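These notes concern the structure reproduced below.
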Amino acid sequence: MEQLLSRRLKADLALLFVVVIWGSTFAIMKGVFEVITPFYFLTLRFTFATLVLSFVFLNRTKKLNLDTLKKGVWTGIFLFGGYALQVTALKLTEASKVGFITGLAVVLVPILSALVFKKIPELMTVFGVGLATIGLVLMTFNGEILFKLGDLLVLISTISLAIHILLVDKYVKDQDPILFAIIQIGTVALLSSIVSAFEGSYVLVSDMSIWISVIFMGVFATALAFIIQNKAQQFTTPTRTAIIFIMEPVFGALFAYLYLGEVISVRGYWGGLLIVLGMLFSELNFANLKRSLANKINKKEINELN
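Position 235 of the sequence shown, counted from 1, bears residue number 787 in this note's numbering, the numbering being contiguous throughout.
Following this line, the structure appears as structure tokens:
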């Protein structure tokens with residue numbers, strides 16, 4: 553039991569590291585879409601990541617089988633759906649609302665998990681979800697209730713990302729997590745390139761800052777991040793993954809302050825605190841703690857008798 557908890561904690565910390573990387577990209581990405589289209593950037597980013605991983609794990613790619621390919625492509629389609637609809641919605645609605653609605657994955661994941669996979673989350677996890685959701689509202693929602701087309705697209709993208717988390721949880725335990733991640737990333741690259749071709753957005757990129765963003769996002773925010781996610785989700789639950797991922801706007805705000813000088817409101821600080829508390833509460837499992845404590849007490853009593 554203690555070994556399982558240790559693995560789960562390491563997995564959660566690894567996912568938190570991924571979120572730190574993703575949070576840093578908000579500041580790095582500022583202005584990129586003024587030079588190239590979002591779909592063209594997704595094409596460059598995910599293609600570069602696919603090539604890097606295929607080269608690094610060349611020997612492993614030779615072991616690719618049809619089952620991994622099918623499940624990886626299916627999971628990758630939902631990953632693409634999340635990214636594609638999200639970047640499209642950014643043109644049609646406010647960034648703050650995109651952040652808020654995307655963060656609703658923390659609520660959708662346990663609901664979908666309970667409905668589809670009959671996995672009921674632990675009580676403390678549910679409490680953590682509630683705290684994190686309130687924190688997200690405080691941090692990102694601007695008070696505008698009017699629902700726009702862009703908001704609907706973001707909501708659909710959030711459902712797609714939530715399904716992606718659940719599919720990774722379902723499939724990765726029986727797959728090579730590295731091959732499974734490569735297929736997902738390659739699927740996003742292929743679908744993004746098709747959309748880019750239809751919209752005619754292919755251009756020769758000579759701006760070195762764009763290539764720096766592509767390399768950083770491709771290596772760290774895509775290749776490394778999704779490898780870590782696929783391996784980490786072998787030892788943690790999809791609901792806990794969603795709660796950790798909700799930390800992205802917190803780190804996004806932090807890096808925006810450090811690199812761009814953007815000031816966080818007082819309400820934003822309270823929202824960030826609640827998100828962190830929600831994540832910490834989701835880590836608690838009183839039943840396991842009580843059982844572990846009881847075992848230690850029993851061992852101590854046995855040693856004293858001996």
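Glycine is no exception: its CB is placed at the ideal position from the N, C-alpha and C atoms. Just so you know, these numbers come straight off a predicted model, no measurement behind them.
Alpha helix (DSSP H) segment containing residue i, residue limits
| i | result |
| --- | --- |
| Met859 | The question about residue 859 has no answer, for the chain in this structure spans 553 to 858. |
| Asp703 | Leu701 to Tyr723 |
| Asn782 | Ala777 to Ala784 |
| Ala641 | Leu618 to Ala641 |
| Thr613 | Leu610 to Thr613 |
| Thr789 | Unbroken run through Thr789: none, as it is neither H nor E. |
| Glu751 | Pro729 to Glu751 |
| Ser758 | Per DSSP, Ser758 belongs to no alpha helix (DSSP H) and is neither H nor E. |
Top-ranked residue by Cα proximity to residue i, from the options
| i | options | result |
| --- | --- | --- |
| Phe591 | Thr791, Phe750, Phe630 and Leu756 | Phe750 |
| Leu644 | Leu701, Thr685 and Ala684 | Leu701 |
| Thr627 | Gly823, Pro729 and Thr788 | Pro729 |
| Ile734 | Asn782, His716 and Thr595 | Asn782 |
| Leu704 | Gln638, Val747 and Phe679 | Gln638 |
| Gly830 | Ile767, Val740, Val757 and Met676 | Met676 |
| Val681 | Pro790, Gly624 and Phe569 | Pro790 |
| Val740 | Trp574, Ser758, Arg612 and Leu713 | Leu713 |
| Ser753 | Ile573, Leu565 and Phe593 | Phe593 |
| Val625 | Gln736, Ile711, Val755 and Ile663 | Gln736 |
| Gly738 | Thr595, Leu664 and Ile708 | Thr595 |
| Val632 | Ile708, Glu674, Leu610 and Phe569 | According to the sequence provided, residue 632 is Phe. The question's Val does not apply to it. When only C-alpha atoms are compared, the closest one is Ile708. |
| Glu674 | Ser765, Pro662 and Asp759 | Pro662 |
| Asp726 | Gly575, Asn617, Phe609 and Phe569 | Asn617 |
Whole-Å CB distance - residue i paired with residue j, under 8 angstroms assumed
| i | j | result |
| --- | --- | --- |
| Leu567 | Ile796 | 5 angstroms |
| Met799 | Thr577 | Met799 to Thr577, Cβ: 14 angstroms. No contact. |
| Ala775 | Ala601 | 4 angstroms |
| Ala794 | Ala657 | 5 angstroms |
| Leu825 | Gly687 | 7 angstroms |
| Ile715 | Leu664 | 7 angstroms |
Contact check, residue i vs residue j, beta carbons under 9 angstroms
| i | j | result |
| --- | --- | --- |
| Ser748 | Phe598 | no |
| Phe630 | Leu719 | yes |
| Phe803 | Val587 | no |
| Arg792 | Arg612 | no |
| Phe669 | Lys722 | yes |
| Thr710 | Leu660 | yes |
| Val689 | Gly823 | yes |
| Leu731 | Thr620 | yes |
| Phe772 | Ile573 | yes |
| Val757 | Trp763 | yes |
| Ala666 | Val706 | no |
Proximity test, Cβ basis, 9 angstroms: residue i and chain B
| i | result |
| --- | --- |
| Val570 | Here chain B cannot be found, since the structure has a single protein chain. |
Closer than 8 angstroms: residue i CB and nearest the ligand SAM heavy atom
| i | result |
| --- | --- |
| Arg819 | The ligand SAM is not among the ligands present in this structure, which contains no ligands whatsoever. |
Q. Counting pairs of beta carbons, one from the segment 598-611 and one from the segment 774-781, are three or more of them closer than 8 angstroms?
A. yes
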